[in-house]
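S.K.: There's a structure below that I have some questions on.
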Amino acid sequence: MLSRTYSAALQSIHARPVAVEVNCVPGSYFHLVGLPDTAIKESQDRVATALMNSGYKYPMKHIIINLSPADIRKEGSAYDLPIAVAMLAADEQITAPELEQYMMVGELMLDGSLRPIKGALPIAIEAKARGYKALILPQENAAEAAVVEGLLVYGAQRLGEVIALLEGQPVLEPSSVSIAKLFAEQQERTLFDFSEVKGQETVKRALEVAAAGGHNMLMIGAPGSGKSMMAKRLPGILPPFTMGEALETTKIYSVAGKLTREQTLMTSRPFRAPHHSISPVALVGGGSNPQPGEISLAHNGVLFLDELPEFSRNVLEVMRQPLEDRTVTVARARFSVDYPASFMLIAAMNPCPCGYYNHPTRACECSPQQVQRYLGKVSGPLLDRVDLQVEISPVPFERLSDTQPAEPSAAIRARVLRAREIQNRRFADYPEVHCNAQMTPQMMQRYARPDEAGLQRLKMAMERLSLSARAYDRILKVARTIADLEGAEQINQAHIAEAISYRSLDRNNWGERRL
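Residue numbers (the working numbering): 15 to 529.
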(Lines of atoms letter the chains of each structure in order from A and count residues from 1; the text may use other names and numbers.)
(Lines give C-alpha, C1' and ligand atoms only; values in the text may rest on other atoms or scores of the structure.)
Protein backbone atom coordinates (compact mmCIF):
# COMPACT_ATOMS: atom_id res chain seq x y z
CA MET A 1 0.00 0.00 0.00
CA LEU A 2 1.12 3.55 -0.72
CA SER A 3 0.92 6.34 1.88
CA ARG A 4 2.14 9.90 1.95
CA THR A 5 3.08 12.36 4.70
CA TYR A 6 4.53 15.85 4.40
CA SER A 7 7.66 17.34 5.90
CA ALA A 8 9.99 20.18 4.90
CA ALA A 9 13.56 20.76 3.73
CA LEU A 10 15.55 23.80 4.82
CA GLN A 11 17.22 25.91 2.14
CA SER A 12 19.04 28.92 3.52
CA ILE A 13 16.55 30.34 6.06
CA HIS A 14 13.51 29.15 4.13
CA ALA A 15 11.68 25.84 4.00
CA ARG A 16 10.31 23.84 1.08
CA PRO A 17 7.63 21.17 1.46
CA VAL A 18 8.78 17.59 0.98
CA ALA A 19 6.42 14.69 0.33
CA VAL A 20 7.47 11.49 2.13
CA GLU A 21 6.05 8.62 0.09
CA VAL A 22 6.19 5.06 1.45
CA ASN A 23 5.18 1.99 -0.50
CA CYS A 24 4.97 -1.41 1.22
CA VAL A 25 4.58 -4.62 -0.81
CA PRO A 26 5.51 -8.25 -0.03
CA GLY A 27 9.26 -8.78 0.04
CA SER A 28 12.25 -7.98 2.21
CA TYR A 29 13.99 -4.96 0.73
CA PHE A 30 14.45 -1.39 2.01
CA HIS A 31 15.30 1.45 -0.37
CA LEU A 32 15.42 5.21 0.32
CA VAL A 33 15.60 7.66 -2.59
CA GLY A 34 15.35 11.44 -3.11
CA LEU A 35 18.83 12.88 -2.39
CA PRO A 36 18.98 11.98 1.33
CA ASP A 37 22.11 12.65 3.35
CA THR A 38 23.78 10.15 5.69
CA ALA A 39 21.61 11.07 8.69
CA ILE A 40 18.46 10.27 6.70
CA LYS A 41 19.90 7.03 5.32
CA GLU A 42 20.53 5.94 8.90
CA SER A 43 16.88 6.53 9.77
CA GLN A 44 15.93 2.90 9.03
CA ASP A 45 17.45 1.59 12.25
CA ARG A 46 16.18 4.50 14.36
CA VAL A 47 12.66 4.24 12.97
CA ALA A 48 12.52 0.45 13.25
CA THR A 49 13.59 0.45 16.90
CA ALA A 50 11.35 3.41 17.80
CA LEU A 51 8.32 1.70 16.24
CA MET A 52 8.87 -1.53 18.14
CA ASN A 53 9.50 0.28 21.45
CA SER A 54 6.30 2.27 20.89
CA GLY A 55 4.17 -0.86 20.53
CA TYR A 56 4.05 -1.09 16.75
CA LYS A 57 5.48 -3.60 14.28
CA TYR A 58 8.20 -2.79 11.82
CA PRO A 59 6.89 -3.83 8.38
CA MET A 60 8.93 -6.81 7.22
CA LYS A 61 8.18 -6.05 3.59
CA HIS A 62 9.64 -4.51 0.46
CA ILE A 63 9.71 -0.85 1.51
CA ILE A 64 10.48 2.01 -0.86
CA ILE A 65 10.67 5.53 0.56
CA ASN A 66 10.77 8.52 -1.78
CA LEU A 67 11.51 12.06 -0.63
CA SER A 68 9.97 14.33 -3.23
CA PRO A 69 10.92 16.54 -5.00
CA ALA A 70 14.01 14.47 -5.73
CA ASP A 71 16.11 17.36 -7.06
CA ILE A 72 16.69 19.14 -3.71
CA ARG A 73 19.03 17.99 -0.96
CA LYS A 74 17.49 16.65 2.25
CA GLU A 75 19.61 16.87 5.38
CA GLY A 76 19.27 16.00 9.03
CA SER A 77 17.19 13.63 11.11
CA ALA A 78 13.93 15.62 11.10
CA TYR A 79 12.42 13.17 8.59
CA ASP A 80 12.28 10.33 11.15
CA LEU A 81 8.75 11.20 12.31
CA PRO A 82 7.08 11.53 8.88
CA ILE A 83 8.85 8.36 7.67
CA ALA A 84 7.65 6.39 10.71
CA VAL A 85 4.06 7.62 10.38
CA ALA A 86 3.95 7.01 6.63
CA MET A 87 5.38 3.52 7.18
CA LEU A 88 2.64 2.64 9.67
CA ALA A 89 -0.04 3.99 7.35
CA ALA A 90 1.35 2.08 4.38
CA ASP A 91 1.38 -1.13 6.46
CA GLU A 92 -2.24 -0.38 7.52
CA GLN A 93 -1.36 -0.42 11.21
CA ILE A 94 -3.01 2.98 11.68
CA THR A 95 -5.99 4.76 10.14
CA ALA A 96 -5.48 8.48 9.61
CA PRO A 97 -7.95 9.85 7.04
CA GLU A 98 -6.57 13.41 7.27
CA LEU A 99 -2.92 12.40 7.25
CA GLU A 100 -1.98 14.51 4.22
CA GLN A 101 -3.37 17.66 5.83
CA TYR A 102 -0.55 17.69 8.39
CA MET A 103 3.09 18.71 8.06
CA MET A 104 5.39 16.98 10.55
CA VAL A 105 9.06 16.99 11.53
CA GLY A 106 11.02 15.41 14.34
CA GLU A 107 13.93 13.12 15.19
CA LEU A 108 13.07 9.84 16.86
CA MET A 109 15.01 8.35 19.73
CA LEU A 110 15.12 4.59 20.11
CA ASP A 111 12.40 4.63 22.79
CA GLY A 112 10.01 6.53 20.51
CA SER A 113 10.48 9.95 22.10
CA LEU A 114 11.02 13.04 19.95
CA ARG A 115 14.12 15.22 19.96
CA PRO A 116 14.07 18.91 18.87
CA ILE A 117 15.08 19.94 15.37
CA LYS A 118 16.51 23.04 13.73
CA GLY A 119 14.46 25.45 11.63
CA ALA A 120 11.07 25.06 13.31
CA LEU A 121 10.06 28.67 12.59
CA PRO A 122 10.68 28.68 8.81
CA ILE A 123 8.96 25.29 8.60
CA ALA A 124 5.93 26.70 10.43
CA ILE A 125 5.85 29.72 8.12
CA GLU A 126 5.92 27.43 5.09
CA ALA A 127 3.21 25.16 6.55
CA LYS A 128 0.89 28.12 6.95
CA ALA A 129 1.69 29.47 3.48
CA ARG A 130 0.90 26.06 1.93
CA GLY A 131 -2.41 25.78 3.74
CA TYR A 132 -1.74 22.74 5.93
CA LYS A 133 -4.21 22.06 8.71
CA ALA A 134 -1.53 21.80 11.39
CA LEU A 135 2.15 21.27 12.10
CA ILE A 136 3.30 18.43 14.35
CA LEU A 137 6.79 18.64 15.81
CA PRO A 138 8.71 17.94 19.05
CA GLN A 139 7.40 19.60 22.19
CA GLU A 140 10.60 21.63 22.66
CA ASN A 141 10.04 23.34 19.28
CA ALA A 142 6.33 24.01 19.78
CA ALA A 143 6.58 27.50 21.28
CA GLU A 144 8.96 28.63 18.53
CA ALA A 145 6.59 27.43 15.79
CA ALA A 146 3.51 28.82 17.57
CA VAL A 147 4.80 32.34 16.91
CA VAL A 148 3.21 31.94 13.45
CA GLU A 149 -0.39 33.08 13.81
CA GLY A 150 -3.17 31.22 12.03
CA LEU A 151 -1.52 27.78 12.19
CA LEU A 152 -2.33 24.95 14.58
CA VAL A 153 0.91 23.74 16.18
CA TYR A 154 1.03 20.50 18.15
CA GLY A 155 4.06 19.70 20.24
CA ALA A 156 4.51 16.00 20.98
CA GLN A 157 6.88 14.18 23.28
CA ARG A 158 6.47 10.67 21.88
CA LEU A 159 5.54 8.92 18.66
CA GLY A 160 2.46 7.41 20.30
CA GLU A 161 1.01 10.88 20.94
CA VAL A 162 1.38 11.76 17.26
CA ILE A 163 -0.37 8.57 16.18
CA ALA A 164 -3.21 9.17 18.63
CA LEU A 165 -3.68 12.72 17.34
CA LEU A 166 -3.78 11.56 13.72
CA GLU A 167 -6.37 8.93 14.61
CA GLY A 168 -8.64 11.59 16.06
CA GLN A 169 -7.93 11.27 19.77
CA PRO A 170 -7.70 14.63 21.61
CA VAL A 171 -4.44 13.85 23.39
CA LEU A 172 -2.61 17.06 22.46
CA GLU A 173 -3.58 20.70 22.82
CA PRO A 174 -2.42 23.31 20.27
CA SER A 175 0.48 25.40 21.50
CA SER A 176 0.16 29.18 21.75
CA VAL A 177 2.33 32.15 22.66
CA SER A 178 1.62 35.81 23.27
CA ILE A 179 3.67 37.97 20.91
CA ALA A 180 2.77 41.11 22.85
CA LYS A 181 3.97 39.51 26.09
CA LEU A 182 7.28 38.48 24.51
CA PHE A 183 7.97 42.03 23.36
CA ALA A 184 6.83 43.48 26.69
CA GLU A 185 9.19 41.20 28.61
CA GLN A 186 12.06 42.33 26.41
CA GLN A 187 11.32 45.99 27.09
CA GLU A 188 11.51 45.31 30.83
CA ARG A 189 15.02 43.85 30.62
CA THR A 190 17.86 46.01 31.83
CA LEU A 191 20.16 47.16 29.04
CA PHE A 192 23.57 48.77 29.13
CA ASP A 193 22.91 52.49 29.37
CA PHE A 194 24.85 55.48 28.05
CA SER A 195 24.24 57.26 31.36
CA GLU A 196 27.10 55.13 32.69
CA VAL A 197 29.56 56.52 30.13
CA LYS A 198 31.46 59.55 31.45
CA GLY A 199 32.73 62.02 28.86
CA GLN A 200 33.32 60.96 25.25
CA GLU A 201 30.60 63.29 23.98
CA THR A 202 32.00 63.32 20.45
CA VAL A 203 31.99 59.54 20.24
CA LYS A 204 28.51 59.26 21.70
CA ARG A 205 27.33 61.78 19.11
CA ALA A 206 28.90 59.66 16.37
CA LEU A 207 27.17 56.54 17.72
CA GLU A 208 23.88 58.45 17.73
CA VAL A 209 24.39 59.36 14.08
CA ALA A 210 25.31 55.77 13.28
CA ALA A 211 22.17 54.45 14.98
CA ALA A 212 19.94 57.03 13.32
CA GLY A 213 21.11 56.17 9.81
CA GLY A 214 22.22 52.53 10.15
CA HIS A 215 25.84 53.48 9.40
CA ASN A 216 29.01 51.45 9.97
CA MET A 217 31.52 52.94 12.40
CA LEU A 218 35.16 52.52 13.45
CA MET A 219 36.53 53.70 16.80
CA ILE A 220 40.29 54.04 17.20
CA GLY A 221 41.94 54.85 20.49
CA ALA A 222 44.14 53.68 23.35
CA PRO A 223 43.24 50.69 25.56
CA GLY A 224 40.79 51.61 28.30
CA SER A 225 39.31 54.61 26.48
CA GLY A 226 35.82 53.05 26.42
CA LYS A 227 35.52 51.61 22.90
CA SER A 228 33.97 48.27 23.90
CA MET A 229 31.92 49.86 26.65
CA MET A 230 30.19 52.24 24.25
CA ALA A 231 29.76 49.63 21.53
CA LYS A 232 27.82 47.37 23.93
CA ARG A 233 25.41 50.22 24.60
CA LEU A 234 24.59 50.83 20.94
CA PRO A 235 21.68 48.32 20.75
CA GLY A 236 19.97 50.29 23.52
CA ILE A 237 19.53 53.31 21.24
CA LEU A 238 18.55 51.43 18.08
CA PRO A 239 14.87 51.36 17.03
CA PRO A 240 12.85 48.45 18.45
CA PHE A 241 12.28 45.39 16.30
CA THR A 242 9.30 45.33 13.99
CA MET A 243 7.46 42.01 13.81
CA GLY A 244 8.85 41.39 10.32
CA GLU A 245 12.43 42.01 11.46
CA ALA A 246 11.93 39.81 14.53
CA LEU A 247 10.66 36.91 12.43
CA GLU A 248 13.44 37.24 9.86
CA THR A 249 16.16 37.31 12.51
CA THR A 250 14.55 34.47 14.46
CA LYS A 251 14.52 32.33 11.31
CA ILE A 252 18.30 32.68 11.07
CA TYR A 253 18.79 31.69 14.71
CA SER A 254 16.33 28.82 14.28
CA VAL A 255 18.17 27.39 11.27
CA ALA A 256 21.50 27.79 13.10
CA GLY A 257 20.14 26.03 16.19
CA LYS A 258 20.79 29.06 18.40
CA LEU A 259 17.34 29.34 19.98
CA THR A 260 16.65 28.00 23.45
CA ARG A 261 13.36 26.60 24.68
CA GLU A 262 12.74 29.84 26.58
CA GLN A 263 13.74 32.10 23.68
CA THR A 264 11.03 31.51 21.09
CA LEU A 265 11.31 34.86 19.32
CA MET A 266 14.14 37.36 18.91
CA THR A 267 12.60 40.52 20.31
CA SER A 268 15.75 42.64 20.64
CA ARG A 269 18.40 43.42 18.07
CA PRO A 270 21.32 40.98 18.14
CA PHE A 271 24.79 42.05 19.22
CA ARG A 272 27.47 39.68 17.97
CA ALA A 273 31.11 40.07 19.03
CA PRO A 274 33.22 37.23 17.58
CA HIS A 275 36.80 36.72 18.71
CA HIS A 276 39.57 37.84 16.36
CA SER A 277 40.63 34.21 15.84
CA ILE A 278 37.42 33.47 13.92
CA SER A 279 37.72 31.79 10.51
CA PRO A 280 36.24 33.21 7.28
CA VAL A 281 33.66 30.39 7.14
CA ALA A 282 32.54 31.02 10.73
CA LEU A 283 32.18 34.73 9.97
CA VAL A 284 30.31 34.66 6.65
CA GLY A 285 28.77 31.19 6.81
CA GLY A 286 29.22 28.02 4.81
CA GLY A 287 30.70 24.61 5.53
CA SER A 288 29.94 21.19 4.06
CA ASN A 289 26.38 21.57 5.39
CA PRO A 290 26.03 25.36 5.05
CA GLN A 291 25.15 27.27 8.20
CA PRO A 292 24.72 31.02 8.80
CA GLY A 293 27.85 32.82 9.97
CA GLU A 294 28.29 35.62 12.49
CA ILE A 295 27.39 38.33 9.99
CA SER A 296 24.03 36.66 9.36
CA LEU A 297 23.47 36.11 13.08
CA ALA A 298 23.96 39.89 13.38
CA HIS A 299 21.24 40.52 10.77
CA ASN A 300 19.12 43.55 11.75
CA GLY A 301 21.55 44.17 14.60
CA VAL A 302 25.18 44.94 15.38
CA LEU A 303 28.39 43.09 14.50
CA PHE A 304 31.17 44.29 16.80
CA LEU A 305 34.75 43.52 15.82
CA ASP A 306 37.10 44.46 18.64
CA GLU A 307 40.85 44.72 17.94
CA LEU A 308 40.14 44.94 14.22
CA PRO A 309 43.76 44.58 12.95
CA GLU A 310 44.11 41.32 14.87
CA PHE A 311 41.57 39.64 12.60
CA SER A 312 42.96 37.66 9.70
CA ARG A 313 43.23 39.66 6.48
CA ASN A 314 41.16 37.01 4.71
CA VAL A 315 38.43 37.33 7.34
CA LEU A 316 38.21 41.10 6.93
CA GLU A 317 38.25 41.03 3.14
CA VAL A 318 35.36 38.56 2.86
CA MET A 319 33.16 41.15 4.59
CA ARG A 320 33.49 43.66 1.77
CA GLN A 321 30.81 42.13 -0.45
CA PRO A 322 28.25 41.56 2.37
CA LEU A 323 28.74 45.16 3.55
CA GLU A 324 27.69 46.36 0.09
CA ASP A 325 25.03 43.80 -0.87
CA ARG A 326 23.69 43.03 2.64
CA THR A 327 23.48 39.36 1.73
CA VAL A 328 25.89 36.40 1.63
CA THR A 329 25.93 33.81 -1.12
CA VAL A 330 27.52 30.46 -0.23
CA ALA A 331 28.21 28.70 -3.51
CA ARG A 332 29.08 25.04 -3.90
CA ALA A 333 29.47 22.84 -6.98
CA ARG A 334 25.93 21.43 -6.72
CA PHE A 335 24.02 24.19 -4.98
CA SER A 336 24.16 27.69 -3.53
CA VAL A 337 22.33 29.36 -0.65
CA ASP A 338 21.78 33.00 0.27
CA TYR A 339 21.79 34.28 3.84
CA PRO A 340 20.67 37.81 4.77
CA ALA A 341 23.39 39.98 6.28
CA SER A 342 22.05 43.48 6.82
CA PHE A 343 23.99 44.53 9.89
CA MET A 344 25.71 47.56 11.39
CA LEU A 345 29.46 47.03 11.58
CA ILE A 346 30.98 48.61 14.67
CA ALA A 347 34.74 48.09 14.87
CA ALA A 348 37.37 49.14 17.40
CA MET A 349 41.14 49.19 17.21
CA ASN A 350 44.25 50.55 18.86
CA PRO A 351 46.24 53.12 16.87
CA CYS A 352 49.44 51.05 17.04
CA PRO A 353 50.79 47.75 18.41
CA CYS A 354 51.48 49.14 21.87
CA GLY A 355 48.18 51.05 21.85
CA TYR A 356 49.48 54.46 22.91
CA TYR A 357 50.25 56.28 19.68
CA ASN A 358 49.06 59.89 20.05
CA HIS A 359 48.20 59.31 23.73
CA PRO A 360 48.18 62.60 25.68
CA THR A 361 50.16 61.29 28.67
CA ARG A 362 51.84 57.99 27.73
CA ALA A 363 54.67 57.63 25.23
CA CYS A 364 54.30 55.32 22.26
CA GLU A 365 57.02 52.66 21.93
CA CYS A 366 56.33 51.96 18.25
CA SER A 367 58.35 53.24 15.29
CA PRO A 368 56.55 55.07 12.44
CA GLN A 369 57.00 51.97 10.29
CA GLN A 370 55.35 49.77 12.93
CA VAL A 371 52.41 52.17 13.18
CA GLN A 372 51.96 52.19 9.41
CA ARG A 373 52.28 48.43 9.18
CA TYR A 374 49.72 47.97 11.96
CA LEU A 375 47.22 50.32 10.31
CA GLY A 376 47.89 48.67 6.97
CA LYS A 377 46.35 45.43 8.24
CA VAL A 378 42.99 47.07 7.57
CA SER A 379 42.68 47.68 3.84
CA GLY A 380 41.61 50.96 2.32
CA PRO A 381 38.64 49.40 0.46
CA LEU A 382 37.31 48.05 3.75
CA LEU A 383 37.71 51.41 5.50
CA ASP A 384 35.88 53.05 2.60
CA ARG A 385 32.85 50.98 3.56
CA VAL A 386 32.92 52.37 7.11
CA ASP A 387 30.88 55.57 7.18
CA LEU A 388 32.16 57.02 10.45
CA GLN A 389 35.78 56.81 11.64
CA VAL A 390 36.25 58.37 15.06
CA GLU A 391 39.32 58.88 17.24
CA ILE A 392 38.85 58.36 20.99
CA SER A 393 40.93 60.07 23.63
CA PRO A 394 41.17 58.95 27.26
CA VAL A 395 38.65 60.53 29.61
CA PRO A 396 40.19 63.09 32.02
CA PHE A 397 40.09 62.29 35.72
CA GLU A 398 37.72 65.19 36.40
CA ARG A 399 35.10 63.63 34.10
CA LEU A 400 35.60 60.13 35.47
CA SER A 401 35.09 61.33 39.04
CA ASP A 402 31.99 63.35 38.14
CA THR A 403 29.03 61.94 40.08
CA GLN A 404 26.43 63.38 37.73
CA PRO A 405 25.03 60.74 35.32
CA ALA A 406 25.46 61.36 31.63
CA GLU A 407 22.58 61.56 29.16
CA PRO A 408 20.62 58.28 29.32
CA SER A 409 20.09 55.97 26.39
CA ALA A 410 16.36 56.69 26.44
CA ALA A 411 16.93 60.35 25.52
CA ILE A 412 19.35 59.44 22.73
CA ARG A 413 16.99 56.78 21.45
CA ALA A 414 14.13 59.26 21.25
CA ARG A 415 16.14 61.40 18.82
CA VAL A 416 17.13 58.31 16.85
CA LEU A 417 13.49 57.25 16.54
CA ARG A 418 12.45 60.68 15.27
CA ALA A 419 15.15 60.51 12.59
CA ARG A 420 14.11 56.97 11.65
CA GLU A 421 10.48 58.07 11.33
CA ILE A 422 11.58 60.70 8.80
CA GLN A 423 13.44 58.00 6.87
CA ASN A 424 10.46 55.63 7.01
CA ARG A 425 8.30 58.26 5.36
CA ARG A 426 11.02 59.09 2.84
CA PHE A 427 11.50 55.47 1.80
CA ALA A 428 7.86 54.39 2.01
CA ASP A 429 7.89 53.49 -1.70
CA TYR A 430 11.12 51.46 -1.37
CA PRO A 431 10.38 48.32 0.68
CA GLU A 432 14.02 47.15 0.52
CA VAL A 433 15.40 50.39 1.97
CA HIS A 434 14.94 51.14 5.67
CA CYS A 435 17.57 53.76 6.51
CA ASN A 436 19.93 56.28 4.93
CA ALA A 437 22.88 53.89 4.86
CA GLN A 438 20.96 51.72 2.36
CA MET A 439 20.28 54.47 -0.18
CA THR A 440 21.12 53.68 -3.80
CA PRO A 441 22.96 56.22 -6.03
CA GLN A 442 19.66 57.15 -7.68
CA MET A 443 18.07 57.79 -4.30
CA MET A 444 21.03 59.88 -3.22
CA GLN A 445 20.57 62.12 -6.22
CA ARG A 446 17.06 62.78 -5.01
CA TYR A 447 17.42 62.87 -1.23
CA ALA A 448 21.07 63.66 -0.42
CA ARG A 449 21.89 66.75 -2.48
CA PRO A 450 23.52 69.47 -0.32
CA ASP A 451 23.05 73.19 -0.86
CA GLU A 452 25.70 75.14 -2.78
CA ALA A 453 27.80 75.99 0.27
CA GLY A 454 27.73 72.40 1.41
CA LEU A 455 28.74 71.19 -2.04
CA GLN A 456 31.74 73.52 -2.08
CA ARG A 457 32.76 72.35 1.39
CA LEU A 458 32.61 68.75 0.22
CA LYS A 459 34.63 69.51 -2.92
CA MET A 460 37.35 71.12 -0.82
CA ALA A 461 37.50 68.09 1.50
CA MET A 462 37.71 65.66 -1.39
CA GLU A 463 40.70 67.52 -2.82
CA ARG A 464 42.57 68.09 0.44
CA LEU A 465 42.01 64.65 1.99
CA SER A 466 42.29 62.62 -1.23
CA LEU A 467 39.03 60.85 -0.47
CA SER A 468 37.71 58.10 -2.74
CA ALA A 469 34.45 58.16 -4.65
CA ARG A 470 33.00 55.71 -2.14
CA ALA A 471 33.97 58.07 0.70
CA TYR A 472 32.11 60.82 -1.16
CA ASP A 473 28.92 58.74 -1.03
CA ARG A 474 29.46 57.91 2.62
CA ILE A 475 29.82 61.56 3.57
CA LEU A 476 26.57 62.45 1.81
CA LYS A 477 24.69 59.60 3.49
CA VAL A 478 25.99 60.59 6.93
CA ALA A 479 25.16 64.25 6.24
CA ARG A 480 21.62 63.21 5.31
CA THR A 481 21.31 61.47 8.68
CA ILE A 482 22.68 64.48 10.57
CA ALA A 483 20.11 66.66 8.82
CA ASP A 484 17.36 64.19 9.77
CA LEU A 485 18.42 64.37 13.43
CA GLU A 486 17.90 68.13 13.21
CA GLY A 487 14.66 67.73 11.27
CA ALA A 488 16.15 69.68 8.35
CA GLU A 489 14.91 69.07 4.82
CA GLN A 490 18.04 70.40 3.08
CA ILE A 491 21.60 69.26 3.75
CA ASN A 492 23.65 72.35 4.54
CA GLN A 493 27.30 73.21 5.11
CA ALA A 494 27.21 72.39 8.83
CA HIS A 495 25.88 68.91 8.14
CA ILE A 496 28.59 68.31 5.53
CA ALA A 497 31.28 69.61 7.89
CA GLU A 498 30.25 67.25 10.68
CA ALA A 499 30.08 64.31 8.27
CA ILE A 500 33.59 65.12 6.98
CA SER A 501 34.89 65.22 10.55
CA TYR A 502 33.93 61.56 10.84
CA ARG A 503 36.28 60.71 7.93
CA SER A 504 39.38 62.03 9.70
CA LEU A 505 40.81 58.51 9.92
CA ASP A 506 40.45 57.79 6.22
CA ARG A 507 43.23 55.44 5.19
CA ASN A 508 44.49 57.72 2.43
CA ASN A 509 45.49 60.57 4.72
CA TRP A 510 45.66 59.40 8.33
CA GLY A 511 49.33 58.37 8.44
CA GLU A 512 50.52 61.40 6.48
CA ARG A 513 48.73 63.75 8.82
CA ARG A 514 50.04 62.08 11.97
CA LEU A 515 53.57 60.94 11.20
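Glycine included, C-beta positions come from ideal geometry on N, C-alpha and C. Predicted model only: the values in this text are computed from it and were never measured.
Would you list, in sequence order, the uninterrupted beta strand (DSSP E) runs of no fewer than 3 residues that lie entirely inside the region 227-305?
M.R.: Runs of the beta strand (DSSP E) inside the region 227-305: 231-235.
S.K.: On a Cα-Cα basis, can you pick out the residue from Leu389, Asp125, Met358 and Arg219 that is closest to Ala451?
M.R.: Selected option, being the one with the closest Cα: Met358.
S.K.: Quick one: residues in its chain with C-beta nearer than 6 Å to the C-beta of Met233, no 5 flanking neighbours on either side, listed in chain order?
M.R.: Taken in chain order, the residues that qualify are Lys241, Ala362, Val404 and Ile406.
S.K.: Is DSSP giving His509 helix, strand or coil here?
M.R.: Helix, per DSSP.
S.K.: Is Asn506 near Val400, with beta carbons less than 7 Å apart?
M.R.: Contact: no.
S.K.: For Asp352, which three-state DSSP category applies?
M.R.: Strand.
S.K.: What residues in its chain sit with their C-beta under 8 Å from that of Met374, if we drop five residues either side in the sequence?
M.R.: According to the sequence displayed, residue 374 carries Pro and not Met. These residues qualify, in order along the chain: Ser407 and Pro408.
S.K.: In chain order, what residues of the same chain lie with their CB nearer than 8 Å to the CB of Arg170, ignoring the 5 residues before and after it?
M.R.: In the sequence under discussion, the amino acid at residue 170 is Ala, which differs from the Arg named in the question. Around Ala170: Gly120, Leu128, Ile150, Leu151, Pro152, Gln153, Val176, Leu179 and Leu186.
S.K.: Helix, strand or coil for Val211? Go by DSSP, reduced to three states.
M.R.: Coil.
S.K.: Please confirm if the region 59-77 is in contact with the region 15-29, defined as three or more CB-CB distances below 8 Å between the two stretches.
M.R.: As far as the Cβ criterion goes, the region 59-77 does not touch the region 15-29, which means the pair count is below three.
S.K.: So, are the CB atoms of Tyr370 and Ala236 less than 7 Å apart?
M.R.: Yes, they are a contact pair.
S.K.: Give every residue of the same chain whose Cβ lies closer than 7 Å to the Cβ of Gln115, excluding the five residues on either side of it in the sequence, and list them in chain order.
M.R.: Cβ within range, chain order: Tyr146 and Lys147.
S.K.: On the three-state DSSP scale, how would you describe Ala53?
M.R.: Three-state DSSP puts Ala53 in a helix.
S.K.: Pairing CB atoms from the region 40-56 with CB atoms from the region 72-90, are three or more of them under 8 Å?
M.R.: Output reads yes: the region 72-90 touches the region 40-56.
S.K.: Given a threshold of 16 other Cβ atoms within 10 Å of its Cβ, counted over all protein chains shown, does Gly419 qualify as buried or as exposed?
M.R.: Note that residue 419 is Pro in the sequence shown, not Gly. Pro419 is exposed by the Cβ-count criterion.
S.K.: How close, in whole Å, do the beta carbons of Gln513 and Ile496 come, if the pair is a contact with beta carbons under 8 Å?
M.R.: The question names Gln, but residue 513 in the sequence shown is Ala. Right, the Cβ-Cβ distance comes to about 6 Å (below 8 Å), so this counts as a contact.
S.K.: So, helix, strand or coil for Phe197, using DSSP?
M.R.: The answer is helix: DSSP assigns Phe197 an H, G or I state.
S.K.: Return the first residue and the last residue of the alpha helix (DSSP H) that Ala170 is part of.
M.R.: Ala170 -> not in any alpha helix (DSSP H); beta strand (DSSP E) instead, spanning Leu166 to Ala170.
S.K.: Could you say which of Ile108, Arg429 and Tyr93 lies nearest to Leu2 if we only look at CA atoms?
M.R.: In the structure as shown, the chain begins at 15 and stops at 529. Residue 2 is therefore absent and cannot be evaluated.
S.K.: Would DSSP call Asn80 helix, strand or coil?
M.R.: Correct three-state label for Asn80: strand.
S.K.: Touch check for the region 317-330 and the region 279-294: three-plus C-beta pairs under 8 Å?
M.R.: Yes, since at least three Cβ pairs between the region 317-330 and the region 279-294 fall closer than 8 Å, the two stretches touch.
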